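Scroll down for the structure; my scribbles are underneath it.
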Amino acid sequence: MYTFSNRLRMASFILMIVGVLGIGYGFLAAPSTVEEAKAMVADAHHGGGHGEEAGHDAPAHGNENAEESHGEKKSHGEDDAHGGAESHGDEHGEHLLTQLKNKPWAAVYVAAFFFMMLSLGVLAFYAIQRAAQAGWSPLLFRVMEGITAYLLPGAVIVFILLLLSGFHLNHLFVWMDPEVVAHDKLLQGKASYLNVPFFLIRAAIYIAGWVTYRHFSRKFSIAQDSASDNSNFKKNFRISAGFLVFYLVSESMMSWDWIMSVEPHWFSTLFGWYVFASMFVSGITVIAMITIYLKSKGYLEQVNDSHIHDLAKFMFAISIFWTYLWFSQFMLIWYANIPEEVTYFVARFQDYKLPFLGMLVMNFAFPILILMNSDYKRMNWFVVMAGIVILLGHYIDVFNMIMPGTVGDQWFIGVPEIGSILFFLGLFIYVVFNALTKAPLIAKRNPFIEESKHFHY
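Here the sequence shown is numbered in our numbering, starting from 62 and rising by one per residue.
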């Protein structure tokens, strides 16, 4: 049985406390008026905003001189122009305020989704191993079951954020604003699908399906340890095969609902697969890192280099698969250059160039260069180092998917972003390692456990 060390438990609590403070600071520091929003942007640019104001003021003084020379008479056209400028300024100010108020919400949402995504990716990998009756992986089943324990609290937190969006406590999803929909024919055409009640019902169905499978699969796995036959193993096989069908559909729809609808004018038929690849490689990476940690503490002694090698092969292979999907999506949109499609990548190239290109280096160039060598896949410290980079890269991937549609160009990695990561990392560590203490780390009566113990490549 695994024992959750006091040091690791304390570290998880510290991470959560520091994270809550960072998140709280983000919400308290968010502007409440247009004037505060403009002042924040001006301060952030260290005087750049004053330069812009001076630039706008110069033509105004020129107009005043011209008006004096003409007897200070104003035409109706000038009145309309000034009225239009004021209206545009008001709209810009409100838009800026919405973006800055969204920033802490978006930071929490990105981190909440990312850590939930880790457990969901592991659940998919676990179900595949069960349905395939894989012989190499049963030694890792309890690690996977421990990681998937986070799915319930993680998904509930994401659902609460979606619910708060539906109550208009934030503006993460622009299509939830009736005033916006009233002036947007495209959103009106999507209203039968993109409406708050149906959106939340779908979310509840996704989460219920995932959590239900995890509950019964874990139940049958534990029961198999003390069973006299393989009936629980067979039940697990059947529900895993059925779950994979539900997972493929629900994961795709979830990615449309929870991520793609942040920018509801844009769509991609590859998006569900793209999000799947990101969560799948991230989940496998977490399995490898936690397995290596447990081995370093004297647990899972029968897990050998071949198991780590296979996990690292999956990390490498799915990283390449993710790159294939990213390039396929990007290249087709770039080549076609259709305005309603290409705006998605234009925004990211203009305002998110560093995280956008950095993500490619971390998620493709780094894995292919580091994990190509078979010997490196057997070196635990090397796999952990590669895993940290891959996880950071896919956090940035989620960041790139959500931030442009919620905060526009008003992004930076600040206190609420770091605080959100720390809080959910602490919660993830606590839930996962606490779950590992609830059952033996070896699935003793799994029919393939002996094959797994003697697995060598």
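A virtual CB, placed ideally from N, CA and C, is assigned to each residue, including glycine. None of these values were measured; they are calculated from a predicted model.
Where residue i falls: helix, strand or coil (DSSP)
i, result
"residue 324", "coil"
"residue 434", "coil"
"residue 286", "helix"
"residue 272", "helix"
"residue 465", "helix"
"residue 245", "coil"
"residue 501", "coil"
"residue 357", "helix"
"residue 141", "Here residue 141 scores only 47 on pLDDT, less than 50, and its place in the model is too uncertain to base an answer on."
"residue 470", "coil"
"residue 455", "helix"
"residue 73", "helix"
"residue 206", "helix"
"residue 352", "helix"
"residue 238", "coil"
"residue 508", "coil"
"residue 124", "Below a pLDDT of 50, predicted positions are generally treated as unreliable, and residue 124, at 40, falls in that range; no measurement from the model is reported."
"residue 49", "Outside the shown range of the chain (62 to 518) lies residue 49, about which nothing can therefore be said."
"residue 68", "helix"
"residue 252", "coil"
"residue 333", "helix"
"residue 82", "helix"
"residue 518", "coil"
"residue 63", "coil"
"residue 346", "helix"
"residue 301", "helix"
"residue 448", "helix"
"residue 370", "helix"
"residue 261", "helix"
"residue 109", "Since pLDDT at residue 109 reaches only 45, below the 50 mark, its modelled position is unreliable, and no value is offered."
"residue 376", "helix"
"residue 475", "coil"
"residue 190", "helix"
"residue 513", "helix"
"residue 230", "coil"
"residue 92", "coil"
"residue 278", "helix"
"residue 315", "helix"
"residue 211", "coil"
Pair within 9 Å by beta-carbon distance, residue i and residue j
i, j, result
"residue 179", "residue 310", "no"
"residue 87", "residue 487", "no"
"residue 494", "residue 203", "no"
"residue 327", "residue 313", "no"
"residue 212", "residue 261", "no"
"residue 171", "residue 484", "no"
"residue 263", "residue 366", "no"
"residue 184", "residue 317", "no"
"residue 284", "residue 293", "yes"
"residue 428", "residue 451", "yes"
"residue 342", "residue 376", "yes"
"residue 431", "residue 447", "yes"
"residue 471", "residue 157", "yes"
"residue 267", "residue 188", "no"
"residue 503", "residue 73", "no"
"residue 218", "residue 177", "yes"
"residue 353", "residue 369", "yes"
"residue 298", "residue 192", "yes"
"residue 467", "residue 242", "no"
"residue 162", "residue 226", "no"
"residue 465", "residue 412", "yes"
"residue 406", "residue 425", "no"
"residue 330", "residue 65", "no"
"residue 206", "residue 287", "no"
"residue 174", "residue 319", "yes"
Next on the checklist: Ignoring anything shorter than 4 residues, give me the alpha helix (DSSP H) runs that lie fully in the stretch 383–426, in order along the chain.
Outcome noted: Counting whole runs of 4 or more residues, the stretch 383–426 contains the alpha helix (DSSP H) stretches 400–412, 414–421.
Checklist entry - Do the stretch 196–213 and the stretch 503–516 touch if we need at least three Cβ pairs shorter than 8 Å? => result Counting Cβ pairs under 8 Å, three or more are found: they touch.
Item to check | Three-pair Cβ contact test at 8 Å for the stretch 307–326 versus the stretch 427–440 | outcome: Not touching, per the Cβ criterion.
Item to check | Cβ contact (3+ pairs, closer than 8 Å) linking the stretch 380–395 and the stretch 331–338 | outcome: In this structure the stretch 380–395 touches the stretch 331–338; the number of beta carbon pairs closer than 8 Å is three or more.
Checklist entry - Is the stretch 152–166 in contact with the stretch 230–237, if contact means three or more CB pairs nearer than 8 Å? => result Flag = yes, the stretch 152–166 and the stretch 230–237 touch.
Item to check | Ordered list of alpha helix (DSSP H) runs contained in the stretch 148–176, each at least 4 residues | outcome: You should have found no qualifying run.
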